[in-house]
Amino acid sequence: TEHAVMTTLSLAKHGNDPDAFARDLARRLRWWFAGIPAGIGMATARSIIKLWCGASPARSGVWSAGNGPLMRAPVIGVHFANDSENRDRFADASTRITHSDPRALECARLIAKAATLARDGVQNVVVILDSLERQVESGEMKVRFPLLRDGLANGIDVGSFADSFGRKPGFVSGFAPDTAAVALFAWLRHRGDYRATVTSVIAAGGDTDTVAFVAGSLAGIDGGKDGLPTEWIDGLRDWPLSGALLSNAGAVDGMRYPNWPLSLVRNACFFIIVLVHAFRRLLPPF
-15 TEHAVMTTLS LAKHGNDPDA FARDLARRLR WWFAGIPAGI GMATARSIIK
35 LWCGASPARS GVWSAGNGPL MRAPVIGVHF ANDSENRDRF ADASTRITHS
85 DPRALECARL IAKAATLARD GVQNVVVILD SLERQVESGE MKVRFPLLRD
135 GLANGIDVGS FADSFGRKPG FVSGFAPDTA AVALFAWLRH RGDYRATVTS
185 VIAAGGDTDT VAFVAGSLAG IDGGKDGLPT EWIDGLRDWP LSGALLSNAG
235 AVDGMRYPNW PLSLVRNACF FIIVLVHAFR RLLPPF
């Protein structure tokens, strides 16, 4: 959510200039990192350290095909729904801040395009997969698309689909092609059911926060706010990312984020909550 919000704010300010957008997003990522966020990926951390040391956003990305950029891609796909050239340019600019492996770039473009297709209301699964597959170049994604088609045709569950190519059963990795494939499958497998889309990804295991966010983004774009479970929205308790502030994130003069050093306090509290849950799971009843 934080990456999506920062991307939204940077797009609102610099939606016509990918270089200015990248500089603004890089600045936000630097201060976000200064808040010591829990669960940050190693590649993202290394790249932001490079930003703090003076590297430009075009050169700060490290050689990694991690899934971090995929969290920033859906909002780019919606913003440039009618401009495929800029959609790819801005997806690339966002990705290169943290990741330079071509597979990360490819998967960010795929998720951005999927977001465009969701926004446009394209319903035919074959049309969606054909449109996405035309952008595929890497061997990893070329292997996964036939599995996507077969899995959807046979109605298998998300976990079984992930296991069909995953290195470890019951674990969806943070490798960008794995994340992209599982997110796309969950979205199309449970089309129109936001709850099932997200919970099926969580049940598949592994890097559930990122993969569920990407799949949930596509499902959310598809169904809009009315498609979200009411109790999930009512139960949201966070700062500064409240529902009211998120609704204003697309305005040029909207929410200022991240807010440091207050974010440092928020992240420390969040980390304590995570530790409490982790230790509780070690105790009976298991």
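Read in order, the letters of the sequence shown are residues -15 to 270 in the working numbering. All residues carry an ideal CB built from backbone N, CA and C; glycine is no exception. In this text, all values refer to a predicted model and were calculated from it rather than measured experimentally.
Inter-residue distance for V(-11) and V46 is about 23 Å (C-alpha atoms, whole angstroms).
By the Cβ criterion, the segment 2 to 15 is not in contact with the segment 167 to 182, since fewer than three pairs of Cβ atoms, one from each stretch, lie closer than 8 Å. Sequence-distant partners of F74 (beyond 5 residues in either direction) whose C-beta falls short of 7 Å from its own C-beta, in its chain, are P2, F5, I60 and F64. For L168, the uninterrupted alpha helix (DSSP H) run begins and ends at A160 to R173, by DSSP. Within its own chain, the residues whose Cβ lies closer than 6 Å to the Cβ of G211, once the five positions on either side in sequence are excluded, are Y178, listed in chain order. Between I95 and T(-9), the alpha-carbon positions lie close to 14 Å from each other.
For R103, the uninterrupted alpha helix (DSSP H) run begins and ends at P86 to R103, by DSSP.
Per DSSP, V(-11) is one residue of the alpha helix (DSSP H) stretching across E(-14) to H(-2). By the CB criterion at 9 Å, G135 and F145 fall inside the cutoff. Under the three-pair Cβ rule at 8 Å, the segment 147 to 164 counts as touching the segment 42 to 57. For G176, the secondary structure class from DSSP, reduced to helix, strand or coil, is coil. Here F263 is exposed. Its C-beta has fewer than 16 other C-beta atoms within 10 Å.
Within a 10 Å sphere around the beta-carbon of E90 sit 16 or more other beta-carbons, which makes this residue buried.
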